[in-house]
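Q: Sharing a structure with you now.
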Ligand code: GAL
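In mature numbering (1 follows the signal peptide of the UniProt record, and there is no 0), the protein residues as written are -17 to -1, 1 to 490.
What follows is the structure, encoded as structure tokens:
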């Protein structure tokens, strides 16, 4: 049997909670306005979105950061220390008031700036103003900084240049004494996974995500299973494009410093439900930050039931802090309108309970074919990090197969929760999840009350998923999967009972 240490070494994972600033021990979760609203932001949008995050039960699932993206300033003071000025037409009571509102709901407040002269929307950037801006953010009560890469005046092109430019803000944030989660947004340029860990909590690995499963776009080059070394990160990167890029760097994800696959597109409307399930499953399995990007005033029941899937989130927040890795990928002839057809399998170690010495395992099978398909994964492939050529002891035992999407809210339950939240907003009573759960046959996990780590140790079914089958020793896991959909399972070792000694009369 592989010892925990051996498996960790082989899987390239980190067993220890570690972080240069103590934050993002597990991947950060929250909401950012960019995907749904771009520059159309104001205090009211942030307040109403924060309210929805609470009323829909999302805060208590762990989505704690409310992040204001680009387009919030109107320049700098020309006298004094040159501090940056918030746009008072959009934020009439100032930014500290926005931050207070968010905090009063038990949430944290994030902001955006840029390691360049201007932001990508051509607002004031922080390059050369790091200390004063970091202090301003701290004074406003900011808990999170997303830090972009536009207009960097050529201070990029080598890891050294990019690292030093981003480190200046890292140091400035540290110097304020306020804990500020630091999220790099340099689109994977200059390999931030090599130098981000000691100065930041996460780093984007690609150009901007685009709300399509696999549509190729020349503005996001390097679009294929072998594309990792991308000199031009671009934008309009599809779900599969980003998953392909993530395949090369799972070992760079570790406690305190995560590969960021970009904000969730779930709920934007450009992909099917099955495609969004694939996206959410994979963002969870590779330990990407989970930053929602939808418009809460229009949230659909299927969007909510994806975002509230605690069994998938528990994989993301797992206390072993280890990213799943891709074990195989094949192009197929069952192609869609973009000429694309593929299948792939990912697996990765998860923390188990203290009463067993076997790790749990997450398995994600992605059906990129243009029709529903049945996919298979052998234990030998799933556990390849524990021993090649079929040598892993894990192959010799039986595994319980738990479907991590089985307890997804039904459309009716999810819609009832949306209705309860809307009623709460109208009455201002603030008890929507409680009201909903009193009338509901399904439950929502509350990670504020019981952390994911504690819930997993207590074997909470909502986190472990539903047992759907068993894989015998040397066996194969099989799943029927919708077009462009994914199956996501947790494998847990079936407890082995030592056979009782036989009586003489039995012999
Ligand atoms: C991009 C960034 C996006 C968004 C946008 C704002 O560079 O990747 O996530 O922040 O800038 O202008």
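Built from N, CA and C at the ideal position, the CB exists for glycine as well. In this text the structure is predicted, and so the values were computed from the model without any measurement.
Relative to the C-alpha of residue 3, which candidate in 85, 381 and 164 has its C-alpha closest?
A: Ranking 85, 381 and 164 by Cα distance to residue 3 puts 164 first.
Q: What's the C-alpha gap between residue 148 and residue 334?
A: Each residue's Cα considered, the two are about 36 Å apart.
Q: Just mark residue 343 as buried or exposed, buried being the case when its beta carbon has 16 or more other beta carbons within 10 Å.
A: That one is buried.
Q: Within its chain, find whatever has a CB closer than 8 Å to the CB of residue -9; leave out the 5 residues flanking it on each side and keep chain order.
A: With a pLDDT of 42 at residue -9, under the threshold of 50, the modelled position of that residue is not reliable, and the figure given next carries that caveat. Excluding residues within five positions, none has a Cβ falling inside 8 Å.
Q: What beta strand (DSSP E) runs, 3 residues minimum, are completely inside the segment 26 to 77?
A: You should have 48 to 50, 56 to 59 and 67 to 69.
Q: Hey, how far is the Cα of residue 450 from the Cα of residue 385?
A: Computed Cα separation, rounded: 4 Å.
Q: CA-CA distance, residue 188 and residue 478?
A: Taking the straight line from one Cα to the other gives about 39 Å.
Q: For a test of the three-state rule: what should DSSP assign to residue 442, helix, strand or coil?
A: Coil, per DSSP.
Q: Compute the beta-carbon to beta-carbon distance between residue 153 and residue 119, rounded to the nearest angstrom, for a pair I have assumed lies under 8 Å.
A: The Cβ separation is near 16 Å, so there is no contact.
Q: Apply the 10 Å Cβ neighbour rule to residue 71 and answer buried if 16 or more other Cβ atoms are within range, or exposed otherwise.
A: Looking at its Cβ environment, which holds fewer than 16 other Cβ atoms inside 10 Å, residue 71 is exposed.
Q: Just checking residue 361 against the ligand GAL - is the residue's beta carbon closer than 7 Å to any of the ligand's heavy atoms?
A: No.
Q: If distances are taken between C-alpha atoms only, which option among 347, 47 and 1 comes closest to residue 126?
A: Of 347, 47 and 1, the residue nearest in Cα terms is 47.
Q: Rank 360, 83 and 228 by C-alpha distance to the C-alpha of residue 29 and give the top, closest one.
A: That would be 83, whose Cα lies nearest to the Cα of residue 29.
Q: Only counting the same chain, and skipping five residues up and downstream in sequence, which positions put a Cβ closer than 8 Å to that of residue 162?
A: Result list for residue 162: 4, 5, 6 and 126, in chain order.
Q: Does the beta carbon of residue 102 fall short of 7 Å from some heavy atom of the ligand GAL?
A: Residue 102: yes, Cβ under 7 Å from the ligand GAL.
Q: In this structure, does DSSP put residue 472 in helix, strand or coil?
A: Note: residue 472 maps to strand in three-state DSSP.
Q: How long is the line joining the alpha carbons of residue 175 and residue 12, rounded to whole angstroms?
A: Rounded to the nearest angstrom, the two C-alpha atoms are 20 Å apart.
Q: Use the C-beta contact count for residue 393: other C-beta atoms within 10 angstroms, 16 or more gives buried, fewer gives exposed.
A: Exposed: under 16 other Cβ atoms inside 10 Å.
Q: So, with DSSP's three-state summary, where would you put residue 156?
A: DSSP places residue 156 in helix when its eight states are reduced to three.
Q: Would you call residue 186 buried or exposed, if buried means 16 or more other Cβ atoms sit within 10 Å of its Cβ?
A: Residue 186 should be labelled buried.
Q: Determine, using beta-carbon pairs with one atom in the segment 89 to 96 and one in the segment 138 to 147, whether at least three such pairs fall under 8 Å.
A: Too few Cβ pairs lie closer than 8 Å, so no.
Q: Considering only residues of the segment 178 to 258, which uninterrupted beta strand (DSSP E) runs meet the minimum length of 3 residues and lie entirely inside it, listed in chain order?
A: List check, beta strand (DSSP E) in window: 185 to 187, 218 to 220 and 241 to 243.
Q: What separation, rounded to the nearest whole angstrom, lies between the Cα atoms of residue 1 and residue 124?
A: Distance between the alpha carbons of residue 1 and residue 124: 24 Å.
Q: If I measure Cβ to Cβ from residue 318 and keep anything under 7 Å in the same chain, skipping five residues before and after, which residues do I get?
A: Closer than 7 Å at Cβ, skipping near neighbours: 324 and 353.
Q: Can you list the beta strand (DSSP E) stretches of 3 or more residues lying completely in the segment 364 to 449, in chain order?
A: For the segment 364 to 449, whole beta strand (DSSP E) runs of length 3 or above, ordered along the chain, are 382 to 386.
Q: Counting beta carbon pairs with one atom in the segment 414 to 421 and one in the segment 30 to 40, are three or more of them shorter than 8 Å?
A: The segment 30 to 40 is in contact with the segment 414 to 421.
Q: Would residue 122 pass as an interface residue toward chain D - the criterion being a Cβ-Cβ separation below 8 Å?
A: Absent from the structure: chain D. Only one protein chain is present.
Q: Less than 7 Å between C-beta atoms, sequence neighbours within five positions excluded: which residues of the same chain meet that for residue 295?
A: Hits under 7 Å: 263, 264, 267, 387 and 471.
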